[in-house]
Structure formats: structure tokens, C-alpha cells
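Step one of this worksheet: look at the structure below.
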Amino acid sequence: MLRVVLTQILFFLLPFLGYALWLWFTRKGQTADNWRNGPIFWLVFSGLLISVLGFILMASFDRMPQGKEYRPAEYRNGVFVPGRYE
Numbered sequence: 001m002l003r004v005v006l007t008q009i010l011f012f013l014l015p016f017l018g019y020a021l022w023l024w025f026t027r028k029g030q031t032a033d034n035w036r037n038g039p040i041f042w043l044v045f046s047g048l049l050i051s052v053l054g055f056i057l058m059a060s061f062d063r064m065p066q067g068k069e070y071r072p073a074e075y076r077n078g079v080f081v082p083g084r085y086e
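Per this note's numbering, the sequence shown starts with residue 1, numbered consecutively.
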């Protein structure tokens, strides 16, 4: 679950990272005004769009076998039995 949350946070932050790199490489990020007057709405919108698309792709390519149920790891008669699909 943590992997999914961290991946979605990364997907959301990608447009902000791209904008920061663009400001840095073009040397327009010398003042804070470029961030205050920047395209915040479009950065948030594109971050949400990328997150939703990433979530859909992650759900589509899930590695869980079809028609099987996951059994979590357990101790049975003092022996550790790892998680498995049945």
C-alpha cells in the first residue's frame, strides 16, 4: 500500500519538478515571483491527471493471478507459512 501512495505522490509532483527544472535551466527562477505568478492551476491539474492515469495503469497491470485469493502469511503449528495465492 505504501508503494502505491508514494508512486501517486511522485506522479503528482512530476509537473512541479518539470517546471522547476525549466525555470532553473532558463534562469527564470532567480526570483520568487516566477513561482508566485506561475501556472499553479495547470501544474496541479496536470499532476492530478498524471496521478489518475498512473493509478489506472497500475490497476490494469496488477500482478495478482486471476481467479485466485491471497492468503496472508501465518504461523501454523509453530511453523511460518509464507503468503500465497490459492
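For every residue, glycine included, the Cβ atom is placed at its ideal position computed from N, Cα and C.
By Cβ distance, which residues of its chain are closer than 7 angstroms to residue i, with the 5 residues on each side in sequence left out?
i     : result
Leu43 : Pro15, Phe16, Tyr19
Kindly list the residues whose CB is nearer than 8 angstroms to the CB of residue i, restricted to its own chain and excluding five residues on each side of it in sequence; keep chain order.
i     : result
Ile50 : Phe11, Phe12, Leu14, Pro15
Ile56 : none
Leu21 : none
Arg71 : Gly83, Arg84, Tyr85, Glu86
When we look at the beta-carbon of residue i and count the other beta-carbons within 10 Å, is it buried (16 or more) or exposed?
i     : result
Gly78 : exposed
Gly67 : exposed
Look up residue i in the DSSP assignment and give the residues it is bridged to.
i     : result
Val81 : Glu74
Can you list, in chain order, the residues of its chain with a C-beta nearer than 6 angstroms to that of residue i? Leave out the 5 residues immediately preceding and following it.
i     : result
Ala59 : none
Handout entry: Completely contained alpha helix (DSSP H) runs for the region 36 to 69, where each covers 4 or more residues
Key = 40 to 60
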